[in-house]
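Step one of this worksheet: look at the structure below.
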Amino acid sequence: MMRLLLACACLWLAACSPSASTSLSERLVSPGGASPLLDQAHIAATIATVPNRSGYVASRAGVRIFWRAFDAGNYGLRYHYARPRHEGGEAMDMDLRLDLPRPFTPKASRGTVVLLHGWMMSGDSLLPWSLQLAQSGYRVVTIDLRNHGHSGTGPAGYGTIESDEVVDVIADLRNRGEVQGPLYLFGISYGAATALFTAEKLGPQVAGVVAMESFANAGDAIRSMIPHLLASQPQGWQAQTVAAYARWRYGAQDINRVIAAANHRLGVDLDRVDVSRAVADSSACVLLLHGDGDQHIPVSQGRQLARASTRVHYVEMRGEDHITLPMRIDLLGGMVGDWLARDGSGPAGTCPAPRMPVEANFMALAMPVGGSNG
(Lines of atoms letter the chains of each structure in order from A and count residues from 1; the text may use other names and numbers.)
(Lines give C-alpha, C1' and ligand atoms only; values in the text may rest on other atoms or scores of the structure.)
Protein backbone atom coordinates (compact mmCIF):
# COMPACT_ATOMS: atom_id res chain seq x y z
CA MET A 1 0.00 0.00 0.00
CA MET A 2 1.09 3.54 -0.65
CA ARG A 3 -0.66 6.56 0.75
CA LEU A 4 0.10 9.86 -0.93
CA LEU A 5 -0.40 12.68 1.54
CA LEU A 6 -0.15 15.94 -0.32
CA ALA A 7 0.85 18.75 2.02
CA CYS A 8 -0.75 22.17 2.31
CA ALA A 9 -0.57 24.24 -0.83
CA CYS A 10 2.43 26.50 -0.31
CA LEU A 11 2.38 29.04 -3.09
CA TRP A 12 4.90 28.33 -5.80
CA LEU A 13 5.44 32.07 -5.91
CA ALA A 14 6.94 32.21 -2.46
CA ALA A 15 9.78 29.71 -2.94
CA CYS A 16 9.62 29.21 0.86
CA SER A 17 13.21 30.33 1.29
CA PRO A 18 14.78 33.55 2.61
CA SER A 19 17.36 33.31 -0.18
CA ALA A 20 14.71 33.30 -2.92
CA SER A 21 14.77 36.08 -5.46
CA THR A 22 12.51 39.09 -4.90
CA SER A 23 11.92 39.21 -8.67
CA LEU A 24 8.67 37.59 -9.68
CA SER A 25 9.91 37.47 -13.28
CA GLU A 26 12.63 35.02 -12.18
CA ARG A 27 9.91 32.73 -10.86
CA LEU A 28 8.40 32.76 -14.38
CA VAL A 29 11.73 31.97 -16.02
CA SER A 30 12.35 28.85 -13.90
CA PRO A 31 10.22 27.10 -11.27
CA GLY A 32 13.07 26.82 -8.77
CA GLY A 33 12.05 23.59 -7.07
CA ALA A 34 9.37 20.97 -6.67
CA SER A 35 5.85 21.63 -5.50
CA PRO A 36 5.22 21.07 -1.80
CA LEU A 37 2.11 19.22 -2.96
CA LEU A 38 4.38 16.27 -3.78
CA ASP A 39 5.39 13.64 -1.27
CA GLN A 40 8.42 12.71 -3.33
CA ALA A 41 9.81 10.13 -0.92
CA HIS A 42 6.60 8.06 -0.99
CA ILE A 43 6.32 8.33 -4.76
CA ALA A 44 9.93 7.22 -5.28
CA ALA A 45 9.51 4.31 -2.87
CA THR A 46 6.44 3.09 -4.73
CA ILE A 47 8.02 3.41 -8.17
CA ALA A 48 10.90 1.26 -6.90
CA THR A 49 8.41 -1.59 -6.43
CA VAL A 50 6.91 -1.32 -9.94
CA PRO A 51 8.57 -2.73 -13.08
CA ASN A 52 9.73 0.15 -15.28
CA ARG A 53 12.53 1.33 -17.52
CA SER A 54 14.12 4.78 -17.57
CA GLY A 55 16.82 6.79 -19.22
CA TYR A 56 17.90 10.12 -20.66
CA VAL A 57 17.81 11.72 -24.08
CA ALA A 58 19.97 14.70 -24.98
CA SER A 59 17.71 17.24 -26.66
CA ARG A 60 18.65 19.40 -29.62
CA ALA A 61 19.31 22.20 -27.11
CA GLY A 62 21.73 20.00 -25.17
CA VAL A 63 19.40 19.51 -22.17
CA ARG A 64 19.28 16.01 -20.69
CA ILE A 65 15.63 14.93 -20.59
CA PHE A 66 14.58 12.05 -18.32
CA TRP A 67 11.93 9.48 -19.31
CA ARG A 68 10.35 6.48 -17.63
CA ALA A 69 8.31 3.70 -19.29
CA PHE A 70 5.68 1.31 -17.89
CA ASP A 71 4.47 -1.70 -19.88
CA ALA A 72 0.81 -2.49 -20.36
CA GLY A 73 -0.36 -5.03 -17.82
CA ASN A 74 -2.12 -5.72 -14.55
CA TYR A 75 -0.65 -3.75 -11.65
CA GLY A 76 -3.44 -4.57 -9.20
CA LEU A 77 -4.20 -0.85 -8.98
CA ARG A 78 -6.89 0.37 -6.63
CA TYR A 79 -7.32 4.09 -6.24
CA HIS A 80 -9.34 6.06 -3.70
CA TYR A 81 -9.85 9.81 -3.73
CA ALA A 82 -11.00 11.92 -0.79
CA ARG A 83 -12.14 15.42 -1.68
CA PRO A 84 -9.72 17.87 -0.04
CA ARG A 85 -10.11 21.40 1.20
CA HIS A 86 -6.65 22.30 -0.04
CA GLU A 87 -7.47 25.94 -0.79
CA GLY A 88 -7.90 26.31 2.96
CA GLY A 89 -4.44 24.92 3.58
CA GLU A 90 -5.63 21.46 4.63
CA ALA A 91 -4.04 18.21 3.53
CA MET A 92 -5.07 16.45 0.33
CA ASP A 93 -5.45 12.71 0.55
CA MET A 94 -5.49 10.05 -2.14
CA ASP A 95 -4.89 6.38 -1.55
CA LEU A 96 -3.18 4.27 -4.20
CA ARG A 97 -2.91 0.54 -3.51
CA LEU A 98 -1.04 -1.98 -5.63
CA ASP A 99 -1.39 -5.75 -5.58
CA LEU A 100 1.26 -6.46 -8.20
CA PRO A 101 1.27 -10.03 -9.53
CA ARG A 102 4.58 -11.85 -9.10
CA PRO A 103 6.02 -12.37 -11.59
CA PHE A 104 4.64 -9.39 -13.48
CA THR A 105 3.77 -10.29 -17.08
CA PRO A 106 3.58 -7.41 -19.60
CA LYS A 107 0.75 -7.48 -22.10
CA ALA A 108 0.74 -6.47 -25.75
CA SER A 109 0.00 -2.76 -25.88
CA ARG A 110 -2.77 -1.13 -27.91
CA GLY A 111 -0.64 2.01 -28.25
CA THR A 112 1.71 4.35 -26.40
CA VAL A 113 0.67 7.25 -24.18
CA VAL A 114 3.22 9.96 -23.36
CA LEU A 115 2.37 11.74 -20.09
CA LEU A 116 3.46 15.34 -19.46
CA HIS A 117 3.25 16.89 -16.00
CA GLY A 118 2.43 20.37 -14.72
CA TRP A 119 4.58 23.23 -13.40
CA MET A 120 6.79 22.23 -10.43
CA MET A 121 5.68 18.61 -10.80
CA SER A 122 7.44 15.65 -12.49
CA GLY A 123 6.69 12.58 -14.51
CA ASP A 124 6.77 10.49 -11.36
CA SER A 125 3.97 12.62 -9.87
CA LEU A 126 1.72 11.09 -12.55
CA LEU A 127 2.21 7.55 -11.23
CA PRO A 128 -1.54 6.97 -10.59
CA TRP A 129 -2.39 8.00 -14.16
CA SER A 130 0.57 5.98 -15.49
CA LEU A 131 -0.66 2.77 -13.89
CA GLN A 132 -4.31 3.47 -14.71
CA LEU A 133 -3.51 3.80 -18.41
CA ALA A 134 -1.09 0.85 -18.33
CA GLN A 135 -3.87 -1.31 -16.90
CA SER A 136 -6.09 -0.04 -19.72
CA GLY A 137 -3.66 -1.65 -22.16
CA TYR A 138 -1.22 1.13 -23.06
CA ARG A 139 2.52 1.42 -22.79
CA VAL A 140 3.03 4.61 -20.81
CA VAL A 141 6.03 6.94 -21.03
CA THR A 142 6.44 9.83 -18.62
CA ILE A 143 8.81 12.68 -19.44
CA ASP A 144 10.32 15.18 -17.02
CA LEU A 145 10.21 18.54 -18.78
CA ARG A 146 13.26 20.80 -18.54
CA ASN A 147 13.69 22.36 -15.07
CA HIS A 148 11.68 19.53 -13.51
CA GLY A 149 12.31 16.17 -11.90
CA HIS A 150 15.45 14.41 -13.10
CA SER A 151 15.87 16.51 -16.26
CA GLY A 152 18.37 19.30 -16.88
CA THR A 153 17.74 23.01 -16.74
CA GLY A 154 17.19 25.78 -19.27
CA PRO A 155 14.95 28.80 -19.79
CA ALA A 156 11.26 27.91 -19.72
CA GLY A 157 9.39 28.07 -23.02
CA TYR A 158 5.79 27.61 -21.78
CA GLY A 159 5.38 24.64 -24.07
CA THR A 160 7.18 26.04 -27.12
CA ILE A 161 10.71 24.86 -26.29
CA GLU A 162 9.58 21.94 -24.14
CA SER A 163 7.58 20.49 -27.03
CA ASP A 164 10.74 20.42 -29.18
CA GLU A 165 12.37 18.30 -26.48
CA VAL A 166 9.35 15.99 -26.25
CA VAL A 167 9.66 15.51 -30.03
CA ASP A 168 13.33 14.63 -29.54
CA VAL A 169 12.57 12.10 -26.80
CA ILE A 170 9.80 10.44 -28.83
CA ALA A 171 12.09 10.12 -31.86
CA ASP A 172 14.79 8.51 -29.72
CA LEU A 173 12.32 6.15 -28.04
CA ARG A 174 10.91 5.11 -31.42
CA ASN A 175 14.40 4.05 -32.45
CA ARG A 176 14.67 2.01 -29.24
CA GLY A 177 11.31 0.34 -29.79
CA GLU A 178 9.74 1.95 -26.72
CA VAL A 179 7.00 3.65 -28.76
CA GLN A 180 4.60 1.00 -30.03
CA GLY A 181 1.34 1.36 -31.94
CA PRO A 182 -0.67 4.59 -32.15
CA LEU A 183 0.87 7.50 -30.25
CA TYR A 184 -1.16 9.57 -27.79
CA LEU A 185 -0.18 12.55 -25.66
CA PHE A 186 -1.69 13.32 -22.26
CA GLY A 187 -0.74 16.53 -20.48
CA ILE A 188 -1.82 18.38 -17.34
CA SER A 189 -1.71 22.19 -17.10
CA TYR A 190 1.77 23.27 -18.31
CA GLY A 191 2.18 19.76 -19.69
CA ALA A 192 -1.17 20.01 -21.49
CA ALA A 193 -0.03 23.09 -23.39
CA THR A 194 3.23 21.29 -24.17
CA ALA A 195 1.29 18.28 -25.44
CA LEU A 196 -0.78 20.45 -27.78
CA PHE A 197 2.33 22.13 -29.20
CA THR A 198 3.95 18.70 -29.59
CA ALA A 199 0.93 17.35 -31.50
CA GLU A 200 1.10 20.27 -33.91
CA LYS A 201 4.79 19.58 -34.57
CA LEU A 202 4.43 15.81 -34.98
CA GLY A 203 1.38 16.06 -37.22
CA PRO A 204 -0.04 12.66 -38.27
CA GLN A 205 2.33 10.81 -35.92
CA VAL A 206 -0.06 11.70 -33.05
CA ALA A 207 -3.44 9.97 -33.03
CA GLY A 208 -4.93 11.89 -30.11
CA VAL A 209 -4.29 14.32 -27.27
CA VAL A 210 -5.85 14.50 -23.80
CA ALA A 211 -5.26 18.03 -22.49
CA MET A 212 -6.33 18.72 -18.91
CA GLU A 213 -6.63 22.35 -17.72
CA SER A 214 -4.34 23.83 -20.39
CA PHE A 215 -3.90 27.54 -20.82
CA ALA A 216 -4.83 29.08 -24.18
CA ASN A 217 -2.38 31.99 -23.96
CA ALA A 218 0.58 32.08 -21.57
CA GLY A 219 0.46 35.82 -20.85
CA ASP A 220 -3.27 35.74 -20.09
CA ALA A 221 -2.82 32.71 -17.84
CA ILE A 222 -0.10 34.42 -15.81
CA ARG A 223 -2.22 37.55 -15.40
CA SER A 224 -5.05 35.49 -13.91
CA MET A 225 -3.03 32.98 -11.91
CA ILE A 226 -0.73 35.27 -9.95
CA PRO A 227 -3.43 37.59 -8.54
CA HIS A 228 -5.46 34.52 -7.56
CA LEU A 229 -2.52 32.99 -5.68
CA LEU A 230 -1.62 36.26 -3.98
CA ALA A 231 -5.22 36.84 -2.87
CA SER A 232 -5.65 33.38 -1.33
CA GLN A 233 -6.51 33.26 2.38
CA PRO A 234 -5.61 29.76 3.53
CA GLN A 235 -6.23 28.27 6.95
CA GLY A 236 -3.48 26.96 9.18
CA TRP A 237 -0.53 28.97 10.40
CA GLN A 238 2.01 27.47 7.97
CA ALA A 239 -0.09 28.18 4.89
CA GLN A 240 -0.99 31.64 6.21
CA THR A 241 2.69 32.42 6.76
CA VAL A 242 3.61 31.40 3.22
CA ALA A 243 0.71 33.39 1.74
CA ALA A 244 1.63 36.49 3.75
CA TYR A 245 5.26 36.12 2.70
CA ALA A 246 4.26 35.89 -0.96
CA ARG A 247 2.10 39.00 -0.74
CA TRP A 248 4.92 40.91 0.97
CA ARG A 249 7.52 39.82 -1.55
CA TYR A 250 5.52 39.98 -4.77
CA GLY A 251 2.30 41.87 -4.15
CA ALA A 252 3.55 45.32 -5.20
CA GLN A 253 5.09 44.18 -8.49
CA ASP A 254 3.30 45.27 -11.66
CA ILE A 255 2.28 42.12 -13.53
CA ASN A 256 2.77 43.61 -17.00
CA ARG A 257 6.30 44.70 -16.12
CA VAL A 258 6.95 41.28 -14.61
CA ILE A 259 5.90 39.59 -17.86
CA ALA A 260 7.96 42.04 -19.93
CA ALA A 261 11.05 41.26 -17.81
CA ALA A 262 10.43 37.53 -18.17
CA ASN A 263 10.05 37.95 -21.93
CA HIS A 264 13.46 39.60 -22.08
CA ARG A 265 15.14 36.82 -20.12
CA LEU A 266 13.36 33.99 -21.92
CA GLY A 267 13.59 35.37 -25.43
CA VAL A 268 9.90 34.49 -25.71
CA ASP A 269 6.92 36.84 -25.92
CA LEU A 270 4.52 35.20 -23.46
CA ASP A 271 1.56 37.03 -24.99
CA ARG A 272 2.34 35.28 -28.27
CA VAL A 273 2.52 31.79 -26.78
CA ASP A 274 -0.78 30.89 -28.40
CA VAL A 275 -1.93 27.34 -27.70
CA SER A 276 -5.20 27.98 -29.56
CA ARG A 277 -3.26 28.30 -32.80
CA ALA A 278 -1.50 24.99 -32.14
CA VAL A 279 -4.88 23.30 -31.60
CA ALA A 280 -6.25 24.81 -34.81
CA ASP A 281 -3.23 23.63 -36.80
CA SER A 282 -3.10 20.10 -35.35
CA SER A 283 -4.44 17.06 -37.17
CA ALA A 284 -4.90 15.06 -33.96
CA CYS A 285 -8.18 14.47 -32.15
CA VAL A 286 -8.24 16.39 -28.88
CA LEU A 287 -10.09 15.73 -25.63
CA LEU A 288 -10.06 18.87 -23.48
CA LEU A 289 -10.85 18.60 -19.76
CA HIS A 290 -11.30 21.58 -17.44
CA GLY A 291 -12.85 22.18 -14.02
CA ASP A 292 -15.36 24.99 -13.77
CA GLY A 293 -13.87 25.97 -10.40
CA ASP A 294 -10.34 26.41 -11.77
CA GLN A 295 -9.00 29.82 -10.75
CA HIS A 296 -5.36 29.13 -11.61
CA ILE A 297 -6.18 28.69 -15.30
CA PRO A 298 -9.74 30.05 -15.61
CA VAL A 299 -12.29 27.97 -17.42
CA SER A 300 -12.57 30.72 -20.05
CA GLN A 301 -9.17 29.56 -21.35
CA GLY A 302 -10.42 26.00 -21.75
CA ARG A 303 -13.49 27.23 -23.59
CA GLN A 304 -11.28 29.34 -25.86
CA LEU A 305 -9.25 26.27 -26.79
CA ALA A 306 -12.44 24.32 -27.41
CA ARG A 307 -13.50 26.79 -30.08
CA ALA A 308 -10.21 26.48 -31.97
CA SER A 309 -10.96 23.28 -33.90
CA THR A 310 -13.77 20.96 -34.94
CA ARG A 311 -11.52 18.08 -33.87
CA VAL A 312 -11.93 19.03 -30.20
CA HIS A 313 -14.30 17.52 -27.66
CA TYR A 314 -14.61 19.53 -24.47
CA VAL A 315 -15.69 18.32 -21.03
CA GLU A 316 -16.15 20.78 -18.18
CA MET A 317 -16.30 19.16 -14.76
CA ARG A 318 -18.55 20.92 -12.30
CA GLY A 319 -17.06 21.52 -8.85
CA GLU A 320 -13.46 20.64 -9.78
CA ASP A 321 -10.51 23.02 -9.73
CA HIS A 322 -6.88 23.10 -10.87
CA ILE A 323 -5.66 20.80 -8.09
CA THR A 324 -8.55 18.38 -7.79
CA LEU A 325 -9.30 17.66 -11.46
CA PRO A 326 -6.12 15.62 -12.16
CA MET A 327 -6.87 13.60 -9.02
CA ARG A 328 -10.28 12.44 -10.29
CA ILE A 329 -8.98 9.22 -11.75
CA ASP A 330 -11.99 7.56 -10.13
CA LEU A 331 -14.28 9.45 -12.56
CA LEU A 332 -12.01 10.17 -15.51
CA GLY A 333 -9.70 7.15 -15.75
CA GLY A 334 -12.14 4.84 -17.48
CA MET A 335 -13.49 7.61 -19.70
CA VAL A 336 -10.02 8.59 -20.93
CA GLY A 337 -9.01 4.97 -21.59
CA ASP A 338 -12.22 4.36 -23.53
CA TRP A 339 -11.77 7.55 -25.58
CA LEU A 340 -8.20 6.62 -26.52
CA ALA A 341 -9.29 3.14 -27.59
CA ARG A 342 -12.12 4.38 -29.78
CA ASP A 343 -9.97 7.18 -31.23
CA GLY A 344 -7.38 4.63 -32.34
CA SER A 345 -9.93 2.29 -33.91
CA GLY A 346 -12.42 4.76 -35.40
CA PRO A 347 -12.81 5.68 -39.07
CA ALA A 348 -10.12 7.93 -40.48
CA GLY A 349 -10.91 11.62 -40.15
CA THR A 350 -13.34 11.22 -37.25
CA CYS A 351 -12.91 12.13 -33.59
CA PRO A 352 -15.02 10.22 -31.06
CA ALA A 353 -17.07 11.96 -28.40
CA PRO A 354 -16.19 10.89 -24.84
CA ARG A 355 -18.58 8.57 -23.04
CA MET A 356 -19.37 10.23 -19.73
CA PRO A 357 -19.56 8.13 -16.56
CA VAL A 358 -23.07 8.38 -15.17
CA GLU A 359 -21.81 9.02 -11.64
CA ALA A 360 -19.77 12.08 -12.69
CA ASN A 361 -21.15 15.51 -11.90
CA PHE A 362 -20.25 17.08 -15.23
CA MET A 363 -21.54 19.39 -17.88
CA ALA A 364 -20.70 19.63 -21.56
CA LEU A 365 -21.08 23.21 -22.71
CA ALA A 366 -23.99 23.99 -25.01
CA MET A 367 -21.79 25.76 -27.50
CA PRO A 368 -20.22 24.90 -30.86
CA VAL A 369 -17.01 23.45 -29.48
CA GLY A 370 -16.31 20.96 -32.29
CA GLY A 371 -16.25 17.20 -32.36
CA SER A 372 -19.49 17.02 -34.34
CA ASN A 373 -17.95 14.42 -36.66
CA GLY A 374 -17.45 11.81 -33.93
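Yeah, the sequence shown ends on 724 if you go by the working numbering, and it's all consecutive.
Glycine is no exception: its CB is placed at the ideal position from the N, C-alpha and C atoms.
What does a CB cutoff of less than 7 Å around Phe565 pick up in its chain, not counting 5 residues either side in sequence? As a working mapping, residue 565 is identified with position 215 in the sequence shown. Contacts found: Ala543, Ala571, Val625, Ile647 and Gln651.
Could you spell out the range, first to last residue, of the beta strand (DSSP E) harbouring Arg414? Taking the sequence shown and counting its residues from 1, one reaches residue 414 at position 64. Run containing Arg414: Arg414 to Phe420, per the beta strand (DSSP E) assignment.
Beta-carbon contacts of Ser472 that lie in its chain and below 6 Å, excluding the five residues immediately before and after: Numbered from 1 along the sequence shown, position 122 holds the residue referred to as residue 472. Once the five neighbours on either side are set aside, the close Cβ partners of Ser472 are Asp494, His498 and Gly499.
Kindly indicate the opening and closing residues of the alpha helix (DSSP H) around Leu483. Translated into the one-based positions of the sequence shown, residue 483 becomes position 133. Note, Leu483: alpha helix (DSSP H), Leu477 to Gln485.
Run the CB neighbour count on Ser659, radius 10 Å, all protein chains shown included, and call it buried at 16 or more, exposed below. Position 309 of the sequence shown, counted from the first residue, corresponds to residue 659. By the neighbour-count rule (16 or more Cβ atoms within 10 Å), Ser659 is buried.
Spatial neighbours of Ser632 within its chain, please: CB distance less than 6 Å, with the 5 preceding and 5 following residues excluded, ordered by chain position. Numbered from its first residue, the sequence shown carries residue 632 at position 282. Around Ser632: Ala549 and Glu550.
Starting from Met575, follow the beta strand (DSSP E) in both directions and report where the run begins and ends. For the purposes of this step, residue 575 is taken as the residue at position 225 of the sequence shown. First-last for Met575: Ala568 to Ala581, but that is the alpha helix (DSSP H), not the beta strand (DSSP E).
Mapping DSSP to helix, strand and coil, what is His614? Locating residue 614 in the sequence shown gives position 264, where the first residue counts as 1. Note: His614 maps to helix in three-state DSSP.
Pick out whichever of Pro505, His430, Phe454 and Leu465 has its Cα sitting closest to the Cα of Ala411. Walking along the sequence shown from the start, residue 411 turns up at place 61. Per the Cα distances, Pro505.
Closest to Ser728 by C-alpha separation, out of Ile511, Leu616, Ala593 and Cys635, would be which residue? In this structure the chain extends from 351 to 724, so residue 728 is not present and cannot be described.
Could you pull the start and end residues of the alpha helix (DSSP H) that Leu523 belongs to? Position 173 of the sequence shown, counted from the first residue, corresponds to residue 523. If you look at Leu523, you'll find it in the alpha helix (DSSP H) that goes Thr510 to Arg526.
Closest by C-alpha distance to Leu483, when choosing among Val560, Gly687, Met706 and Gln654: For the purposes of this step, residue 483 is taken as residue 133 along the sequence shown, with counting starting at 1. Residue Gly687 is the option with its Cα nearest to Leu483.
Does the beta-carbon of Gln582 have 16 or more other beta-carbons within 10 angstroms, so that it is buried, or is it exposed? Your numbering for residue 582 matches position 232 in the sequence shown. Sequence inspection shows Ser at residue 582; the Gln mentioned does not correspond to that position. Under this definition Ser582 is a buried residue.
Only counting runs of 4 or more residues, tell me where the alpha helix (DSSP H) segments fall wholly within the segment 595–640, in order along the chain. Correct list: 605–616 and 625–631.
Where the beta strand (DSSP E) containing Tyr488 begins and where it ends: On the sequence shown, residue 488 is found 138 positions in, with the first residue counted as 1. No beta strand (DSSP E) contains Tyr488, which DSSP labels as neither H nor E.
DSSP on Val529, reduced to helix/strand/coil? As a working mapping, residue 529 is identified with position 179 in the sequence shown. Note: Val529 maps to coil in three-state DSSP.
Closest by CA to Leu682, which one among Gly694, Ser695, Pro697 and Glu666? Taking the first residue of the sequence shown as position 1, residue 682 is located at position 332. Measuring from the Cα of Leu682, the nearest candidate turns out to be Glu666.
Taking the C-alpha atoms as reference points, what is the distance between Leu523 and Gln590? Here the question's residue 523 lines up with position 173 in the sequence shown. Here the question's residue 590 lines up with position 240 in the sequence shown. Spanning the two alpha carbons is a distance of roughly 45 Å.
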